[in-house]
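Working notes, structure below.
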Amino acid sequence: MSVVKRGAFIVFEGCDRSGKTTQSRLLAELLKSKGIATVSMNFPERSSSIGQVINSYLTNSKDLPDEVIHLMFSANRWEHMNQIKQQLLKGTTLIVDRYSYSGVAYSAAKGLDFDWCYAPEKGLLKPDAVFYLKTSVDSLTNRGQYGEERYEKVEFQSRVAQVFDRICYREASYWHQFDASQSAEDLHSRITSIAEDLLQKVEAQPLDTLS
Ligand code: 2DT
């Protein structure tokens, strides 16, 4: 009986407009072009009923207490956990744009307690690698469309960046930090070489959870 090799769980994190979306797309395209089963996702996943509430909040058409929206972002991950687990176990690699760390970074940047923010994430599947695209806040403002959604304010983004740095330090064993100011091509090739090693390394490893 052949044992199915599991897929890798790869997450991209960073401030708004850090280039995560481009880099996650480039990586997914590359893996697919090599015949590797790959699915892209992003959180918040706005199509579910919880996701629609989050979308109304982010587009400023709905207000909610900070604690409530925090728990909704977390619930949005929990509602997709089974699907994510099934995909990984059947051998599909997942490339996910934002995860629990954005949940903690954005809520802690508003002033909520870091440990309180992290608590509902415990038990969710743990990524095999997080690619953190670190930007200077000045460079963020030069990117297009900045400022349309609720969180897209320079001062707020710099607080978010500080929390990401704290998480990066704490979770150093599986976080990979990149300077997002380098060219998209250079970034892509650095990310690709780590991802390709990772795919081989994790295929026989059991899935882990956040603790
Ligand atoms: P996108 O622009 O990437 O769609 O994100 N956010 C995201 C949170 O505050 N908590 C979370 O748990 C997640 C996943 C980051 C929309 C915004 O939602 C924020 C930016």
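FYI, full-length UniProt numbering numbers position 95 of the sequence shown as 95, with every residue one higher than the one before it.
All residues carry an ideal CB built from backbone N, CA and C; glycine is no exception.
No experiment lies behind these values; they were computed from the predicted model shown.
Between which residues of its own chain and residue i is the CB-CB distance below 7 Å, once the five residues before and five after are set aside?
| i | result |
| --- | --- |
| Lys201 | none |
| Thr22 | Ala184 |
| Leu30 | Thr192 |
| residue 269 | Residue numbering for the chain in the displayed model covers 1 to 211; residue 269 lies beyond these limits and cannot be assessed. |
| Phe156 | Ala109 |
| Val163 | Val104, Ala105, Ala108, Ala109 |
| Ile50 | Met72, Ala75, Asn76, Glu79 |
| Pro120 | Leu71, Ser74 |
For residue i, which residues from the same chain have a beta carbon less than 8 Å from its beta carbon, with the 5 sequence-adjacent residues on both sides left out?
| i | result |
| --- | --- |
| Thr59 | Glu149, Arg150 |
Take residue i as the anchor and find which of the options has the nearest alpha-carbon.
| i | options | result |
| --- | --- | --- |
| Thr209 | Ser56, Gln177, Ser100 | Ser100 |
| residue 214 | Asn82, Ser33, Trp116 | No information on residue 214 is available, as it lies outside the stretch 1 to 211 that the chain covers here. |
| residue 214 | Phe9, Leu71, Tyr106 | For residue 214 there is no data in the structure shown, the boundaries of the chain being 1 and 211. |
| Lys153 | Arg17, Arg25, Gly35 | Arg17 |
| Lys34 | Val68, Ile54, Ala195 | Ala195 |
Spatial neighbours of residue i within its chain, please: C-beta separation below 6 Å, excluding the five flanking residues on both sides.
| i | result |
| --- | --- |
| Lys20 | Phe12, Gly14, Asp97, Leu133 |
To which residues does DSSP link residue i through a beta bridge?
| i | result |
| --- | --- |
| Val11 | Val96, Val130 |
| Phe178 | Leu133 |
| Thr209 | Leu125 |
**Request:** Would you list, in sequence order, the uninterrupted alpha helix (DSSP H) runs of no fewer than 4 residues that lie entirely inside the segment 101-144?
**Result:** 114-118, 137-141
**Message:** Just to confirm the assignment: which complete alpha helix (DSSP H) runs, minimum length 4, are found wholly within the segment 39-98?
**Reply:** 49-58, 66-78, 81-89
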